[in-house]
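Heads up: the structure comes next, in structure tokens.
Numbering (the numbering used here), first residue to last: 1 to 804.
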């Protein structure tokens with residue numbers, strides 16, 4: 001006898017049971033097989049677990065497979081499964097860790113073990129059963145079926161004692177077990193509708209002349225869209241009873257989005273250059289085919305208007321668009337612009353939505369109630385049922401790389417997703433990554449350029465001039481060396497004209513660390529090999545670890561020698577605010593960093609506050625450099641350009657150049673004079689010089705020469721292995737032993753492959769776990785990944801953005 005089977009990948013309990021590969025299950029009803037991507041409940045041992053069907057159905061003559069228990073009310077698309085399988089291969093990560101990215105939390109009900117009384121349990125004499133078992137058996141006779149949790153709550157014994165009692169009853173056949181699937185913890189919005197399921201014949205309609213109300217209802221349903229009407233529109237449900245009894249009408253529930261109804265997109269005018277960019281991409285939308293475009297536009301060049309135009313064409317084709325943005329800070333302003341341009345057609349996805357909000361938007365996207373999905377990394381995994389275009393804004397941004405397992409890069413995944421769905425993808429940036437610039441130069445992707453900044457009237461305006469101030473000779477107005485006299489003069493001059501000033505320092509807090517003048521020890525996190533950064537809260541010094549997030553009050557005495565004389569080293573945004581408040585006491589000061597803005601609502605409030613103020617000084621970290629359109633900012637001052645350049649990382653110069661160029665772009669985005677000041681102790685560095693001159697080629701030539709000399713990306717791929725353990729000796733031993741295996745496994749790939757390490761990580765201890773790392777630099781990444789999968793103790797990070 002033939003059996004229909006499918007492969008199911010577990011997404012819960014997979015690691016607990018040590019199951020990496022998919023398991024094969026039989027299809028209970030061959031007339032209704034689950035599609036690839038369907039979320040299902042399947043038996044595993046004595047439990048019911050959740051999985052995703054990852055194969056098409058096939059026939060086997062073997063009949064020993066367990067059957068799928070039931071289906072969940074959620075399914076992934078074919079292309080989503082394709083993407084998940086590619087990510088698992090590409091990032092050397094179990095697919096069980098990838099699939100949950102595509103499923104909103106709370107969407108899947110939890111399988112619950114139930115204990116049921118049997119006929120034998122009902123008939124056995126209670127006095128023949130021991131006391132403990134007797135009480136439980138009596139309880140089940142009253143309730144018939146109970147869950148583990150319900151039984152435990154009714155009994156006074158320990159969980160171990162209850163389990164022993166249940167085991168005794170089960171062994172004698174007095175109780176049996178089944179599994180039930182609870183409703184999803186988060187319910188989507190639905191409405192009840194009456195739907196015409198059988199069109200009455202002419203004879204039937206004529207027979208209803210004596211039942212005019214039923215005849216009117218039939219006509220009403222015949223005229224309705226898709227033959228269905230919300231139940232709330234009927235005066236009483238009893239009106240429908242005769243029609244339901246005759247099998248003409250049924251009542252069921254459909255998804256009811258709370259989003260506003262869509263209206264026509266708002267048209268915007270484009271410059272000739274913008275029109276040329278749109279015309280280049282348009283054929284890939286109208287006659288869908290895959291192509292990767294790099295949109296290289298200076299800050300303020302109107303990349304967003306190009307996005308709008310491309311999306312309008314996608315909507316005209318009946319297609320959906322995914323728009324990825326790097327930071328939740330951009331969600332507020334950019335999301336509002338999209339909603340204004342495309343009323344009722346936008347779903348914003350980010351990590352701070354409630355489970356109900358996320359699930360509602362998930363269903364709205366899946367049912368094509370919205371055309372545009374916008375958000376950070378997670379927006380890529382939304383179930384767009386008719387995808388026609390992907391846009392990645394600020395493609396160079398490091399936040400597209402997931403910092404925790406699975407270590408995927410959303411930009412690279414988006415490129416593959418576009419390839420799998422055979423659609424175009426546009427990657428926009430004012431400071432494209434070196435890898436994409438190199439790919440464009442090699443003509444592997446198409447580079448489109450917006451070379452000029454424009455204002456709201458589409459007139460060309462100049463980029464603000466940038467001055468480098470050498471802080472080795474510049475005098476400061478404060479004892480911390482934060483604000484030089486040149487920057488101070490610009491702050492005074494422009495704020496007197498009711499303009500705003502933006503100051504960037506990419507470190508939060510008051511000071512970077514606190515040093516004891518007596519013994520030289522720096523206050524350290526007790527869980528990490530990282531200094532505590534000093535923050536002031538209500539006048540109290542708090543030591544915060546920016547690595548693990550732990551906090552403690554800074555004592556008046558040194559923990560090592562008990563002296564009380566300290567030196568605060570380095571400064572953060574709080575210190576800058578203190579200096580500004582001292583020298584410009586009448587000016588409003590807005591601190592904009594993760595201490596003051598940790599949610600989309602916080603960012604919205606700060607943005608509203610900035611827009612409402614006249615003269616003001618905004619002090620923030622790198623989050624204020626990314627894509628914000630602050631109309632009143634005329635001066636941008638970078639307090640210290642050199643912070644990232646001091647780090648032992650191959651991308652230090654690239655990050656510095658990108659950050660400086662991006663933050664300079666916040667100045668003068670409307671007509672009128674504007675200026676940018678870079679304060680630096682390394683003014684000769686090519687990253688700083690190139691940013692100050694708006695000279696991309698100068699930076700690229702220097703950086704690509706450096707990368708080529710060392711054989712770093714884009715001339716090779718990189719794989720990072722990280723070992724962690726609470727015991728430093730075991731951590732070191734695991735790293736060194738598995739490094740030997742890696743060296744031997746990759747030996748025949750030389751000279752295309754080389755190994756750097758193993759060695760302790762830059763932060764050698766994080767959250768009480770010691771860390772070692774090793775880098776593989778190779779031109780054969782697929783082969784290398786395949787050979788190192790046996791490293792049982794290492795976390796594998798493919799294409800890492802940092803060497804720290």
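Using N, Cα and C, we set each Cβ at its ideal position, and we do this for glycine too.
Candidates the options: closest to residue i by CA position
i	options	result
residue 725	380, 527, 779, 322	527
residue 168	197, 131, 142	131
residue 121	144, 281, 99	144
residue 447	110, 804, 281, 745	281
residue 750	716, 761, 585	716
residue 42	154, 149, 179, 21	179
residue 58	7, 230, 449	7
residue 762	530, 269, 67	530
residue 636	369, 629, 675	675
residue 678	712, 640, 308	640
residue 307	287, 288, 338	338
residue 98	477, 86, 416	86
residue 368	357, 344, 325, 375	344
residue 790	521, 743, 24, 213	743
residue 624	647, 593, 604	593
residue 203	359, 215, 160, 491	215
residue 244	222, 195, 449	195
residue 601	352, 370, 293	352
residue 382	103, 335, 46, 394	103
residue 793	731, 497, 276	731
Whole-angstrom distance between residue j and residue i, CA atom to CA atom
i	j	result
residue 92	residue 84	12 Å
residue 321	residue 217	40 Å
residue 403	residue 136	49 Å
residue 398	residue 89	22 Å
residue 805	residue 777	Because the chain here runs from 1 to 804, residue 805 falls outside it and cannot be looked at.
residue 318	residue 386	8 Å
residue 249	residue 193	10 Å
residue 175	residue 40	27 Å
residue 53	residue 22	9 Å
residue 44	residue 55	19 Å
residue 310	residue 278	6 Å
residue 362	residue 11	19 Å
residue 412	residue 620	29 Å
residue 539	residue 485	28 Å
residue 669	residue 629	7 Å
residue 723	residue 533	26 Å
Close-in-space but distant-in-sequence residues of the same chain around residue i (CB under 7 Å, 5 per side omitted)
i	result
residue 665	299, 300, 430
residue 758	735, 736, 739, 772, 773, 774
residue 420	79, 82, 83
residue 165	132, 133, 136
residue 95	9, 84, 85, 88
Residues bridged to residue i (per DSSP)
i	result
residue 535	542
residue 113	179
residue 25	6
residue 806	Only positions 1 to 804 of the chain appear in the structure, and residue 806 is not among them; the question remains open.
residue 38	75
residue 584	Answer is none; residue 584 lacks a bridge partner.
residue 168	The partner list for residue 168 (beta bridge, DSSP) is empty, contrary to what the question assumes.
residue 592	620
residue 296	429, 449
residue 760	772
residue 442	Paired residue(s): none; residue 442 is not in a bridge.
residue 568	514
Cutoff 6 Å; reference residue i; Cβ partners in own chain excluding five residues on either side
i	result
residue 284	291, 424
residue 617	501, 580, 587, 589
residue 26	3, 5, 65, 67
8 Å CB neighbourhood of residue i in its chain, flanking five on each side removed
i	result
residue 707	434, 650, 713, 714, 715
residue 405	93, 97, 795
Any contact of the region 681-692 with the region 463-471, i.e. 3+ C-beta pairs under 8 Å? Contact between the region 681-692 and the region 463-471 is present, with at least three C-beta pairs closer than 8 Å.
Segment contact, 8 Å Cβ cut-off, at least three pairs: the region 436-445 with the region 648-657: Not touching, per the Cβ criterion.
Could you check whether the region 504-516 touches the region 559-578, counting it as contact only if at least three pairs of C-beta atoms, one from each stretch, sit closer than 8 Å? Segment contact: the region 504-516 against the region 559-578, three or more CB-CB distances shorter than 8 Å; contact assigned.
Can we say the region 537-547 touches the region 610-621, given the rule of at least three CB pairs closer than 8 Å? Because the criterion of three Cβ pairs below 8 Å is not met, the region 537-547 and the region 610-621 do not touch.
Within the chosen definition, does the region 450-465 reach the region 551-559 through at least 3 CB pairs nearer than 8 Å? The region 450-465 vs the region 551-559: no contact.
Taking contact to mean 3 or more Cβ pairs, one atom from each stretch, closer than 8 Å, check whether the region 137-156 and the region 105-125 are in contact. In short, these stretches touch, since the Cβ pair count reaches three.
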